Amino acid sequence: MKPNFTEPKIYTGGVDIKQWSKLTKTEQENALNKSWYIYFSFRDPDTGILKRQPNIKAGANRFTNKRERLSFLKILQAKLILLLNEGFSPYQRNIELENKFKNPEQVSEQIKDTPQLPVKRTEEVKKSNCSKTDRSTTP
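Per the working numbering, the very first residue in the sequence shown carries number 42; after that it's consecutive.
Here is the structure:
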């Protein structure tokens, strides 16, 4: 059976991202001035042919440096791969898939096992900063 989609890839302004440090500042700026996006193809159910889907930018180009932009696009790429593997189709409404991801108890084990970073609440940060005492000595 033929695959229904190609692996989503990241377009990085026409440069090899692995060679970023070897590029001149001008080449880096030119790459950052171009649109970066995710692209993939999906099999058209009517023709059976893989068709390129619209580029997914999702606001990635608002980031002004390579690290932030690439990080953002890698997260999108991983989530898109997850959706495609779960059965997403750009040619259907995907209501069942939407419901599956809206209800946490129905989400696949891949998502449940994703490690979460601990997040401090603003109140906790303020309390910890307030508890520090000023130990300066007066002459």
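We put the beta carbon where it would ideally sit given N, CA and C, even for glycine.
Every value quoted in this text rests on a predicted model; they were computed, and no experiment measured them.
For residue i, which option in the options has the closest C-alpha, if you only look at C-alpha atoms?
{"i": "A101", "options": "G89, I90, K92 and L117", "result": "L117"}
{"i": "I58", "options": "N106, F129 and S130", "result": "N106"}
{"i": "F46", "options": "E137, L124 and S76", "result": "L124"}
{"i": "A99", "options": "S62, Q60 and I51", "result": "I51"}
{"i": "N74", "options": "L114, R103 and E137", "result": "R103"}
{"i": "N96", "options": "I136, Q60, Q69 and L114", "result": "L114"}
{"i": "G89", "options": "K43, L138, I122 and I136", "result": "K43"}
Check residue i in the structure and name its three-state DSSP category.
{"i": "F83", "result": "strand"}
{"i": "F129", "result": "coil"}
{"i": "P156", "result": "Any reading at P156 needs caution, since the residue's pLDDT is 49, under 50, leaving its predicted position unreliable; the model's value is listed next. It is coil, neither helix nor strand."}
{"i": "F46", "result": "strand"}
{"i": "N135", "result": "coil"}
Buried or exposed for residue i, going by 16 or more other Cβ atoms inside 10 Å?
{"i": "A119", "result": "exposed"}
{"i": "T67", "result": "exposed"}
{"i": "G54", "result": "buried"}
{"i": "I213", "result": "Within the shown structure, residues of the chain are numbered from 42 to 180, placing residue 213 beyond reach of any answer."}
{"i": "P49", "result": "buried"}
{"i": "Q157", "result": "Residue placement at Q157 is poorly supported in this model, since its pLDDT is 48, which falls under 50; the coordinates still yield a value, given next. Per the 10 Å Cβ criterion, exposed."}
{"i": "Q60", "result": "exposed"}
Confirm the yes/no value for this check: CB of residue i, any heavy atom of the ligand ADP, distance under 6 angstroms.
{"i": "R110", "result": "The ligand ADP is not part of this structure, which contains no ligands at all."}
Taking one C-beta from the stretch 104 to 112 and one from the stretch 136 to 146 each time, how about it: are there three or more such pairs within less than 8 angstroms?
no
Along the chain, which unbroken stretches of the beta strand (DSSP E) at least 3 residues long are found entirely within the stretch 51 to 121?
77 to 80, 82 to 84 and 91 to 93
Does the stretch 79 to 94 come close enough to the stretch 114 to 132 to have 3 or more Cβ pairs within less than 8 angstroms?
yes
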